[in-house]
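Peer 1: Please read through the structure below; I'll follow up with questions.
2 protein chains.
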Amino acid sequence: MEESLTTEQKIIEAAEGVFLTEGYAGARMQQIADRAGINKAMLHYYFRSKDKLFELVFRHKMKQFVPQIALTLQDDQLSFLDKLDRFVMAYLEMLRKNPSLPLFILSTMNRNPDLMVHFKIEVGQMVVQVMKDEISKGKIRPVDPHQFMLTLVGMCIFPFLARPVFMGIFNLNQEAYAAIVAERHLHVMQYARAILSVS
Amino acid sequence: MEESLTTEQKIIEAAEGVFLTEGYAGARMQQIADRAGINKAMLHYYFRSKDKLFELVFRHKMKQFVPQIALTLQDDQLSFLDKLDRFVMAYLEMLRKNPSLPLFILSTMNRNPDLMVHFKIEVGQMVVQVMKDEISKGKIRPVDPHQFMLTLVGMCIFPFLARPVFMGIFNLNQEAYAAIVAERHLHVMQYARAILSVS
DNA sequence: GTCTATAAGCTGATAGAC
DNA sequence: GTCTATCAGCTTATAGAC
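Chains as they are written, first to last, in my numbering: chain A, -2 to 196; chain B, -2 to 196.
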């Protein structure tokens, strides 16, 4: 196993780790440098400032957070519920690998909503259109697409936001909470079917 | 209209405003002092340190966040769904008045999970017990209380966490998003009925 | 490219006059 | 109790040797 990462890559990985857990205000350039195994001055040599480095990390993580998988709701011949099933599965799996991603994105966006203008996102309008089409074809029950998506995506994300609070309130240990997250997929789809299925 | 607040009260109000929107790391003692209309030195005269002041604010906000209204799930003769309805209504109303409360609590708890031990919370165990009783009596369908509460509470909280991101993704303006929040209660209860109602 | 040394500014906290 | 002045330490960023 060789050390094949370039200095630039090592910095970005370290910066992601620190910014994700500490946020912009809580992060320290020294901490990032230590984690990358290099000197503090190198950070500025490669990325000029803390702001620039943060922006780079944020853009990357934002792309990861906004589920591009949702684009697959359009094509192929699966039923809408089956497409949702595939989407929820993939999104939950991504979140399990990046448990601190949601809080990082939502915190950053709340403290700086203007950042949103930099992201041209068409996935939202597309999903709304697909749902309206399905409704007009009578394939799913008539529901407000915004409310539905807010709930569906929220059901996936919320367990990763509320982890410490829920562990405290319900007196759960690590394993018990991991089990809840592991079974989350079933409950999300139970919601989707209950709300969308035509009788 | 007289200026009847004591200096201590003015500081606490100012500190709440600043800590809630900026978080601990992002908050500045100078900012709190300005907002309270007093001097920076006064903050330390009254509360010794930033840590102490933050801890005071956090304890207060934590009590607000953990829905003590849930305790009303025990008493009186309303059906479980009617009690839930009352709970969801009250909790959503509180959140509308304190829209930045969820992100503040969840951010703080994620970056310092140990804080949870200071809060003796029995509301979680109580809710689980009440649901188990209702299930065994055949009043509601058998569901995992943890999954159900995670969804129910998440449905209330999530719109306040994801506001800027969702406004961006679905291209919504302030009014449109406010309308979604205003109608949220209906969709939360639609979920509860769909999952719990015995057929 | 990588390092050490250091500048420049900010931040929490204190001292001391009134 | 409230203020001004100031300290000590930290944090980002740069200068300059190698």
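Note that CB positions come from ideal geometry on N, CA and C, so glycine has one too.
1. Need the endpoints of the alpha helix (DSSP H) that His143 of chain A sits in, please.
2. So what does DSSP say about Gln65 of chain A, is it helix, strand or coil?
3. Here's the rule: buried if 16 or more other CB atoms are within 10 angstroms of the residue's CB, otherwise exposed. What is Gln144 of chain B?
4. Any beta carbon from chain B within less than 9 Å of Ile137 of chain A's own beta carbon?
5. Under a CB-based cut-off of 9 Å, is His57 of chain B close to chain A?
6. Please report how far the alpha carbon of Ser133 of chain B lies from the alpha carbon of Pro139 of chain B, in whole angstroms.
7. Run through DSSP, which three-state label would Leu50 of chain B get?
8. Buried or exposed for Tyr42 of chain A, going by 16 or more other Cβ atoms inside 10 Å?
9. Note down the Cα distance separating Thr69 of chain A from Asp79 of chain A, rounded to an integer number of angstroms.
10. Can you give me the Cβ contacts of Tyr188 of chain A inside the same chain, cut-off strictly under 8 Å, excluding the 5 residues immediately before and after it?
11. In whole angstroms, give me the CA-to-CA distance for Met(-2) of chain A and Lys7 of chain A.
12. Nearest CA to the CA of Val162 of chain B: which residue from A:Met59, A:Gly14, A:Gly23?
13. Since Ser46 of chain B meets chain A, which of its residues come closer than 9 Å, beta carbon to beta carbon?
14. Confirm, please, whether the CB-CB distance from Val120 of chain B to Ile166 of chain A is below 9 Å.
15. Among residues of its own chain, excluding the 5 on either side of Lys37 of chain B, which ones have a beta-carbon nearer than 7 Å to its beta-carbon?
16. If distances are taken between C-alpha atoms only, which option among B:Phe101, B:Arg190, B:Asp82, B:His184 comes closest to Gly14 of chain B?
17. Drop a sphere of 10 angstroms on the beta-carbon of Gly135 of chain A, count the other beta-carbons inside from all chains shown, and report buried for 16 or more, exposed for fewer.
18. Pick from B:Arg190, B:Leu112, B:Asn170, B:Ser97: whose alpha carbon is nearest that of Arg56 of chain B?
19. Under a three-way DSSP split, which group does Gly121 of chain A fall into?
20. Which residues mark the beginning and the end of the alpha helix (DSSP H) in which Asn107 of chain B is found?
21. Establish whether the CB of Glu13 of chain A and some CB of chain B are separated by less than 9 Å.
22. Hey, how far is the Cα of Gln74 of chain A from the Cα of Ala175 of chain A?
23. DSSP on Ala176 of chain A, reduced to helix/strand/coil?
24. Looking at chain B, is there any beta carbon in it that lies within less than 9 Å of the beta carbon of Asn107 of chain A?
25. Suppose you measure from the CA of Met86 of chain B to the CA of Val127 of chain B; what does that come to, to the nearest Å?
26. Less than 9 Å between the beta carbons of Pro96 of chain B and Val124 of chain B, yes or no?
27. Does DSSP put Arg25 of chain B in a helix, a strand or coil?
28. Give the interface partners of Ile132 of chain A over in chain B, defined as CB-CB distance under 9 Å, in chain order.
Peer 2: Judging by the given coordinates:
1. 142 to 158
2. DSSP, reduced to helix, strand and coil, places Gln65 of chain A within a helical segment of the structure shown.
3. buried
4. no
5. no
6. 8 Å
7. helix
8. exposed
9. 11 Å
10. Thr148, Leu149, Met152
11. For Met(-2) of chain A, the predicted model reports a pLDDT of 43, less than 50, meaning its position is unreliable; a value from the coordinates is still stated below. Their Cα atoms are separated by approximately 16 Å.
12. A:Met59
13. Result: empty, since nearest Cβ-Cβ is about 18 Å, beyond 9 Å.
14. yes
15. Met26, Gln27, Ala30
16. B:Phe101
17. exposed
18. Of the candidates B:Arg190, B:Leu112, B:Asn170, B:Ser97, the one whose C-alpha sits nearest the C-alpha of Arg56 of chain B is B:Leu112.
19. helix
20. Start and end: 98 to 108.
21. no
22. 34 Å
23. Helix at Ala176 of chain A.
24. Proximity of Asn107 of chain A to chain B, defined by a Cβ-Cβ separation below 9 Å, is satisfied.
25. 19 Å
26. In this structure, Val124 of chain B does not lie closer than 9 Å to Pro96 of chain B by Cβ.
27. coil
28. Near Ile132 of chain A there are no residues of chain B at all, since even the closest Cβ is about 16 Å away, more than 9 Å.
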